[in-house]
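Worksheet: one structure, shown below.
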Amino acid sequence: MDALADGGKLPGAFFAPASSSFADFLASYRPDLLPSRRFEGLQGMTIDAPHGTTIVAVTHSSGVVMAGDRRATMGNVIAQRDMEKVFQADEYSCVGIAGSAGIAIELVRLFQVQLEHYEKIEGTTLSLDGKANQLSLLIRGNLAMAMQGLAVVPLFAGYDLDADNGDRGGRIFSYDVTGGRYEEHSFHSVGSGSVFARGALKKLYRDDFAEQDAVLACIHALYDAADDDSATGGPDLTRRIFPVVTSVTADGFRKLTEDEVAQVTQRVVDERMTSPGGPIAPMGGAS
Amino acid sequence: MSMPFGYVSPEQVMKDRADYARKGIARGRSVLVTTYTDGILFVAENPSSALHKVSEIYDCIAFAAVGKYNEFENLRQAGVRIADVRGYQYDRSDVTGRMLANTYAQVLGTIFTTESKPYEVEITVAEVGETSAGDQLYRLTYDGSVADEQGFVAMGGNADAISTKMQQGHHDGMPLAECLRFAVDALANADGEQRSLAAAQLEVAVLDRTRPRRKFRRFTDNQLEQLLSS
Numbered sequence: 001m002d003a004l005a006d007g008g009k010l011p012g013a014f015f016a017p018a019s020s021s022f023a024d025f026l027a028s029y030r031p032d033l034l035p036s037r038r039f040e041g042l043q044g045m046t047i048d049a050p051h052g053t054t055i056v057a058v059t060h061s062s063g064v065v066m067a068g069d070r071r072a073t074m075g076n077v078i079a080q081r082d083m084e085k086v087f088q089a090d091e092y093s094c095v096g097i098a099g100s101a102g103i104a105i106e107l108v109r110l111f112q113v114q115l116e117h118y119e120k121i122e123g124t125t126l127s128l129d130g131k132a133n134q135l136s137l138l139i140r141g142n143l144a145m146a147m148q149g150l151a152v153v154p155l156f157a158g159y160d161l162d163a164d165n166g167d168r169g170g171r172i173f174s175y176d177v178t179g180g181r182y183e184e185h186s187f188h189s190v191g192s193g194s195v196f197a198r199g200a201l202k203k204l205y206r207d208d209f210a211e212q213d214a215v216l217a218c219i220h221a222l223y224d225a226a227d228d229d230s231a232t233g234g235p236d237l238t239r240r241i242f243p244v245v246t247s248v249t250a251d252g253f254r255k256l257t258e259d260e261v262a263q264v265t266q267r268v269v270d271e272r273m274t275s276p277g278g279p280i281a282p283m284g285g286a287s
Numbered sequence: 288m289s290m291p292f293g294y295v296s297p298e299q300v301m302k303d304r305a306d307y308a309r310k311g312i313a314r315g316r317s318v319l320v321t322t323y324t325d326g327i328l329f330v331a332e333n334p335s336s337a338l339h340k341v342s343e344i345y346d347c348i349a350f351a352a353v354g355k356y357n358e359f360e361n362l363r364q365a366g367v368r369i370a371d372v373r374g375y376q377y378d379r380s381d382v383t384g385r386m387l388a389n390t391y392a393q394v395l396g397t398i399f400t401t402e403s404k405p406y407e408v409e410i411t412v413a414e415v416g417e418t419s420a421g422d423q424l425y426r427l428t429y430d431g432s433v434a435d436e437q438g439f440v441a442m443g444g445n446a447d448a449i450s451t452k453m454q455q456g457h458h459d460g461m462p463l464a465e466c467l468r469f470a471v472d473a474l475a476n477a478d479g480e481q482r483s484l485a486a487a488q489l490e491v492a493v494l495d496r497t498r499p500r501r502k503f504r505r506f507t508d509n510q511l512e513q514l515l516s517s
């Protein structure tokens, strides 16, 4: 269907005032393009599709770092070993996804357009809370599919340009399948290996982390997740497949280059050669 | 044979509509769209920093307009929606300036012939290419005519005088600051009166091909002052 199907006239929806939401516009003009409508009529079936796994995010003194492993699984099979699951959402935020990979990637695409669309129509960017709420709405729209086994669980992080001087700019938001939005403090993890990753971060995290410390903690946490969760992929040194690591600071979004990540990953792997459990946390005196 | 009472020939109807639209457009201040080394430069005489005449449509595409604000704002928003739907449905690289110019041409043409009054607008759809050879400027008028322009487009009240001035000095491969100063001078002095336009009276933006993905960038008054005085 073309925009000009009606003899040189654009459908009224294109000229409707006061709609800066791309998802709302699609719902009125082309609802079939919304990811949540793709599987209507398949109620009661469960669908087996590739699942993405572990995402971690850690705040630091100048922003926030988010990283994800590269594995997607379908049951016991590795569906893909170099999938990217952490994306730029806009200039000052990023989003990582766990859960049903196909739908999640589509949802991220919709979310990216949603933020950019608002920016272009309104001539200004949404606040970080506004962006987090938008993602909530999109996840809620996917609830029917979550019931069929196609749940998407994102992790959203960004730099809050409105943060007061005393506050830290880096903020993290987690979601449940109903679109519930929860702000996390310091660090968080989602996906099948998240229990292990979060355990690792709990021991590794320090309030005075700089960016490179946060990156190192993320790689350690992903290593621990892969260590104990079969669905999370560890660093693949033979194929040179490393985690995707992104950083958001007051200067904007940045995806670390493969060389940068390779260096940190190599360091973590070397360390684990002598200490397979990773860094040992000081426990304080028992005597 | 007697003509029915109140008959007006189609030629007369179209001429009246065109005159009406032209008058409306001529009342507004001018906008200049011009190519420079790294892309396309937009300069508008516009004291408002909130009501834009120049805006981003998509990664490599921007929109400039003169005339009635509510009418070209309608077209701009429709353009953003068309581009975003298309980029979402297919791929970002499938959104082109030509597609958008065609759509605008159809829409303006239909409005010109079927609505009770034509849109009093003139717009330019600009698309920046990988190299300067790929830069495209489509000028669209109130009746849906499209022209594929080379080098620059001037629109609005003083368009003819500004075009003449631009023809004298604009050439391919002008650096940004030089091109900007020349364009501002053309806007200010085209009709012979010696005016000077300060940064606050100008709206300036670029489609800069050296930027990643989204090429559109608006200049703040401070950045503009620096560029103008450099």
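If you're matching them up, the sequences are chains V and G in order.
Mapping of the first sequence onto our numbering: position 156 corresponds to residue 156, and the numbering continues sequentially without gaps.
Mapping of the second sequence onto our numbering: position 120 corresponds to residue 407, and the numbering continues sequentially without gaps.
All C-beta atoms in this analysis are idealised placements derived from N, C-alpha and C, irrespective of residue type, glycine included.
These numbers were taken from a predicted model, which means no experiment stands behind them.
Three-state secondary structure (DSSP) of residue i
i, result
"G/T497", "coil"
"V/E252", "The sequence given here places Gly at residue 252 of chain V; Glu does not occur at that position. Strand, per DSSP."
"V/M1", "Below a pLDDT of 50, predicted positions are generally treated as unreliable, and V/M1, at 47, falls in that range; the measurement from the model is reported next regardless. Correct three-state label for V/M1: coil."
"V/G123", "coil"
"V/A104", "helix"
"V/P276", "coil"
"V/G285", "coil"
"G/R504", "strand"
"V/Y118", "helix"
"V/M66", "strand"
"V/Y29", "helix"
"V/K9", "strand"
"G/T451", "helix"
"V/V153", "strand"
"V/I139", "helix"
"V/V261", "helix"
"V/S20", "coil"
"G/V341", "strand"
The beta strand (DSSP E) enclosing residue i, as first and last residue numbers
i, result
"G/Q437", "Neither: G/Q437 is in no beta strand (DSSP E) and is coded neither H nor E."
"V/S174", "170–175"
"G/F329", "326–332"
"G/A473", "Element bounds for G/A473: not the beta strand (DSSP E) but the alpha helix (DSSP H), 463–476."
"G/R304", "Segment 297–313 is the alpha helix (DSSP H) holding G/R304; no beta strand (DSSP E) there."
"V/Q148", "Unbroken run through V/Q148: none, as it is neither H nor E."
"V/A79", "77–80"
"G/Y323", "318–323"
Whether residue i touches residue j by CB criterion (8 Å)
i, j, result
"G/A413", "G/I327", "yes"
"V/L135", "V/V95", "yes"
"V/A49", "V/M83", "no"
"V/A23", "V/L204", "no"
"G/M386", "G/E409", "no"
"V/A210", "V/S61", "yes"
"V/V58", "V/A214", "yes"
"G/D508", "G/A486", "yes"
"G/Q376", "V/I121", "no"
"V/A231", "V/T53", "yes"
"G/G366", "G/F350", "yes"
"G/C347", "G/V415", "yes"
"V/S21", "V/Q112", "no"
"V/E91", "V/G252", "yes"
"G/I449", "G/S342", "no"
"V/L150", "V/I55", "no"
"V/L110", "V/P31", "no"
"G/Y307", "G/P462", "no"
Cβ separation of residue i and residue j, assumed to be a contact under 8 Å, to the nearest whole Å
i, j, result
"V/V65", "V/C218", "6 Å"
"G/R505", "G/R498", "Going by Cβ atoms, the distance from G/R505 to G/R498 rounds to 12 Å, so no, they are not a contact pair."
"G/A388", "G/Y425", "4 Å"
Bridge partner(s) assigned by DSSP for residue i
i, result
"G/H458", "G/H458 pairs with nothing; no bridge assigned."
"V/G311", "No information on residue 311 of chain V is available, as it lies outside the stretch 1 to 287 that chain V covers here."
"V/M236", "The sequence as given places Asp at residue 236 of chain V; Met does not occur at that position. Answer by DSSP bridge pairing, in chain order: V/I241."
"G/A420", "Answer is none; G/A420 lacks a bridge partner."
"G/Y429", "Beta-bridge pairing links G/Y429 to no other residue."
"V/Y182", "V/S174"
"V/Q266", "Per DSSP, none; premise fails for V/Q266."
"V/S93", "V/D90, V/G158"
"G/A492", "G/F329, G/R505"
"V/H188", "V/A57"
"G/I410", "G/A352, G/L427"
"V/S36", "None, per the DSSP bridge assignment."
Opening and closing residue of the alpha helix (DSSP H) in which residue i lies
i, result
"V/H220", "211–228"
"G/R385", "384–401"
"G/Y375", "356–376"
"G/Q510", "508–516"
"V/V195", "194–204"
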